[in-house]
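Here's the structure we're looking at; comments come further down.
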């Protein structure tokens with residue numbers, strides 16, 4: 001293999017790696033956004049159901065519902081933090 005052929009092979013390999021990394025970023029970003037949208041929709045549906053149940057619940061059940069709602073809020077906060085960390089990379 002000549003020096004020129006070797007240089008071309010090295011450049012080609014680096015270019016393929018760069019293009020592959022760019023393609024991975026393009027795929028991850030929309031998927032990450034879609035996952036985030038699904039989580040939000042799921043949490044909104046669950047919160048709506050919990051609010052409806054809250055009207056008919058006993059005091060003990062209301063406390064359980066409140067705990068679940070707090071857990072959902074915590075999950076949304078940590079998902080937002082993870083999402084922002086992921087988007088920076």
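In UniProt numbering, the protein residues as written are 1 to 89. Just so you know, even glycine gets a beta-carbon here, dropped at the ideal spot from N, CA and C. This structure is a prediction, so every number in the text was calculated from the model and none was measured.
Residue i in three-state terms, based on DSSP
| i | result |
| --- | --- |
| residue 58 | coil |
| residue 52 | helix |
| residue 88 | Its pLDDT being 47, under 50, residue 88 is placed unreliably in this model, and the value from its coordinates should be taken loosely. The answer is helix: DSSP assigns residue 88 an H, G or I state. |
Pick from the options that is closest to residue i, judged by C-alpha positions
| i | options | result |
| --- | --- | --- |
| residue 78 | 40, 34, 45 | 40 |
- Item | At least three beta-carbon pairs within less than 8 Å, the segment 6-20 to the segment 50-59 | no
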